[in-house]
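*Asks:*
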Amino acid sequence: MRILVLSDIHGDLRSAMQAVNAQPSADMLVFCGDGAEQFKYLKNVLPDKTVVGVRGNCDFGSDLQPTETVTAGGKTLFITHGHLYQAKFSIYNMVCAAREANADVLLFGHTHNAFQEYDDGLYIMNPGHCGGYGASYGIVDITDKGDIVTNIVRLSPP
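In my numbering, the protein residues as written are 17 to 174.
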């Protein structure tokens, strides 16, 4: 199973669509906040994919939840934007929340800095920002054997 992870679109639908079009085999799209309007658009144009998202600190008036815990490929994903966990200062609070949710994967945004790490059974990823100069997105692959592989992909200029 392939999961496309986007965050911090901030109105740049073109970059978000570039990421979506670059990963046609993705079974699921996870949105980690800040671009709720673009998330709604993506959800409507991708009816054959599972699309899950959370509210970011710039998603004023959004009805998205601040966190989501979902199962994909037999693994538990804990999704948040990160601002409620002070992600710009430390990932510790988010890691604790993900562990309390018995998550295998923690996905977050907010910092605009792409990041991936493995910590004692927990895969941690921030796909960076999918908008503007230096845009990036994340991929989480869950194999049939249950292995997890994460990757950050930089978007090339259109």
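C-beta: ideal position from N, C-alpha, C; glycine also.
#1: So, using beta-carbon positions, are V46 and I19 closer together than 7 Å?
#2: Using 10 angstroms around the beta-carbon of V165, count the other beta-carbons present and answer buried if the total reaches 16, otherwise exposed.
#3: Using the three-state DSSP reduction, which class does R170 fall into: helix, strand or coil?
#4: In three-state DSSP terms, what is N73?
#5: Consult DSSP for S41 and reduce its assignment to one of helix, strand or coil.
#6: For Q132, write down the residues that DSSP places opposite it in a beta bridge.
#7: Which value, in whole angstroms, describes the spacing of the CA atoms of G49 and R71?
#8: How is L29 classed by DSSP in three states: helix, strand or coil?
#9: Provide the residue(s) that pair with G154 in DSSP beta bridges, ordered along the chain.
#10: In this structure, how does DSSP classify A88 when only helix, strand and coil are distinguished?
#11: By the 10 Å Cβ neighbour count, where 16 or more other Cβ atoms means buried, how is G150 classified, buried or exposed?
*Replies:* So, to answer that:
#1: yes
#2: exposed
#3: Reduced to three states, the DSSP call for R170 is strand.
#4: Coil at N73, not helix or strand.
#5: Looking at S41 - three-state DSSP - the assignment turns out to be coil, as it is neither helix nor strand.
#6: M141
#7: 5 Å
#8: helix
#9: V21, I168
#10: strand
#11: It counts as exposed.
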